[in-house]
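**Student:** The sequence shown maps to residues 57 to 410 in the numbering used here. Structure below; questions to follow.
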Amino acid sequence: MGNNFPQSASFQCSECSKKIKIGFKSIGEDRIIEGCKVIKDGGFEMDVKVVNLHPEIPTDKNRLHDPSLFQTMGVFQRLDKSNADLFEFKELQHIWTQFRTEWTNNIESSLRILAKKGKSELKRLKKLDFDVFADKFHQWLAIFLSGKKDNKFDKVNIEFRSINSSEIKSYLSKDGKLLKQVYSLCNIYMQHSENFQSTVFYQKYGWELTSKMTANVHWEDIESVYGDLYEIVGDLLIIPTMMNNIKQSRKFDQFSTSGFTLEKYLITDKAGRGTNFQSNPNLEHLTDFYFPWLRNGTHHKNSTFNPETHEITLGVGKGGGTEKKIGLIEYIKACNELFEVGILLSSLILHLKK
């Protein structure tokens with residue numbers, strides 16, 4: 057069991073590949089059971105096939121059916137080897153449980169109203185000032201970033217404080233699309249957030265995620281998520297692009313290439329949206345997990361999942377003619393990292409719109 061509720065874990069039937077999902081809606085016996093049934097008087101058979109599941113910890117593929125495996129013990133061993141503070145880890149678990157709760161109770165409805173109706177309706181319907189909501193959103197972002205050894209926000213914030221952002225603020229005051237993109241980004245991820253829990257603590261501690269690991273999720277539920285996030289993050293990358301233009305002593309909409317304008321930038325292929333700031337050490341990391349090949353291989357339904365090897369085969373390259381394989385755990389990690397970039401830039405956009 058994990059710490060977040062509701063929680064679930066999935067696997068595929070080894071014979072018919074049907075999705076089997078189990079979990080808990082809340083602490084206790086309020087269970088989630090899909091694709092299977094409980095046999096109350098079934099007894100125990102020695103040759104029963106065990107499937108190890110955990111909603112918040114990756115599983116060793118080689119021990120997926122090992123009845124002696126308890127994933128939590130592996131985490132404790134890692135904490136001991138890295139001399140990590142167990143109290144700190146438990147505190148991090150507690151903080152993390154607030155991420156989905158805050159989204160459900162405080163963030164989602166206000167952000168939806170703001171994106172679709174604007175600041176005045178947010179004030180009228182929620183009795184909430186935009187500036188106050190922007191601060192709440194930033195606190196929500198802080199939950200996702202908590203525990204990170206390499207905090208992307210610090211680097212971006214250093215860069216932001218080094219420029220005069222008045223031109224960007226003026227530009228964003230006339231743009232309503234980005235707020236809609238912010239809502240879409242958060243809504244897409246949070247609708248599927250249960251499926252991305254298994255690598256979060258590893259990523260927060262900087263622990264390695266290897267091809268020997270897998271996650272207990274159903275591929276078809278999350279196949280399009282990376283591509284959806286990629287499209288939105290591609291739009292949000294306009295913010296570091298404008299920041300870098302100013303840092304290079306140009307106007308926010310002027311690029312180093314003569315004749316290349318912001319309007320032309322906005323109609324370019326999204327694969328190159330990070331080119332402008334790749335030489336900036338405080339911004340270059342924003343595209344570390346911005347993969348055109350992963351977007352193309354999954355968004356065009358040009359991928360297949362092998363439940364035996366837990367690998368995804370993607371059709372990449374021109375026309376999808378080249379095959380590339382990645383592990384399911386690698387895909388989930390990339391989704392988490394890309395979402396992190398998205399909400400980081402989203403928080404900055406809300407700040408700039410104050």
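All residues carry an ideal CB built from backbone N, CA and C; glycine is no exception.
Check for me: the beta strand (DSSP E) holding S364 runs from which residue to which?
**Tutor:** Note on identity: in this sequence residue 364 is Glu, with Ser being the wrong assignment. Per DSSP, E364 belongs to no beta strand (DSSP E) and is neither H nor E.
**Student:** Hey, how far is the Cα of N213 from the Cα of N338?
**Tutor:** One C-alpha to the other measures close to 9 Å.
**Student:** Rounded to a whole number of angstroms, what is the C-alpha to C-alpha distance between A171 and R180?
**Tutor:** Each residue's Cα considered, the two are about 14 Å apart.
**Student:** According to the neighbour-count rule (16 or more other Cβ atoms, all chains shown, within 10 Å of its Cβ), is P114 buried or exposed?
**Tutor:** Buried, by the Cβ-count rule.
**Student:** If I measure Cβ to Cβ from F145 and keep anything under 7 Å in the same chain, skipping five residues before and after, which residues do I get?
**Tutor:** Cβ within range, chain order: L135.
**Student:** Pick out whichever of F126, G377, K182, T369 has its Cα sitting closest to the Cα of E279.
**Tutor:** For E279, the nearest C-alpha among the options comes from T369.
**Student:** Can you give me the C-alpha to C-alpha distance between M102 and G371, rounded to a whole angstrom?
**Tutor:** Their Cα atoms are separated by approximately 42 Å.
**Student:** With H, G and I counted as helix, E and B as strand and the rest as coil, what does DSSP make of L109?
**Tutor:** Note: L109 maps to coil in three-state DSSP.
**Student:** Go through its chain and collect everything with a Cβ distance to H366's Cβ below 7 Å, but skip five positions before and after it.
**Tutor:** Excluding sequence neighbours, H366 sits near K117, T270, G383, L384.
**Student:** Once you ignore the five residues that flank A327 on each side, which residues in its own chain have a CB closer than 7 Å to its CB?
**Tutor:** Contacts found: P348.
**Student:** By the three-class DSSP mapping on this structure, what secondary structure does T128 have?
**Tutor:** It is helical.
**Student:** Cα separation between D187 and W196?
**Tutor:** Roughly 14 Å between the two C-alpha positions.
**Student:** Please report the straight-line C-alpha distance between L178 and S165, rounded to a whole angstrom.
**Tutor:** Roughly 9 Å between the two C-alpha positions.
**Student:** For the alpha helix (DSSP H) holding T378, just list the boundary residues, first then last.
**Tutor:** Run containing T378: none in the alpha helix (DSSP H); it sits in the beta strand (DSSP E), 378 to 383.
**Student:** Just curious, the alpha helix (DSSP H) that E147 is in, first and last residue?
**Tutor:** Its alpha helix (DSSP H) spans residues 142 to 158.
**Student:** Quick one, which of F316, G79, S249, K75 has its alpha-carbon nearest L285's?
**Tutor:** Nearest C-alpha to L285: S249.
**Student:** Let me know the secondary structure DSSP gives F33 once reduced to three states.
**Tutor:** Since the first residue of the chain shown is 57 and the last is 410, residue 33 is not available in this structure.
**Student:** Please state if the CB of F200 and the CB of F155 are separated by a distance shorter than 8 Å.
**Tutor:** Their beta carbons are under 8 Å apart, which means F155 touches F200 by this criterion.
**Student:** What are the boundary residues of the beta strand (DSSP E) that I78 is part of?
**Tutor:** Where I78 is concerned, the enclosing beta strand (DSSP E) stretches over 75 to 80.
**Student:** I'd like to check one pair, T153 with N272: are the Cβ atoms closer than 8 Å?
**Tutor:** No, Cβ-Cβ distance for N272 and T153 is not below 8 Å.
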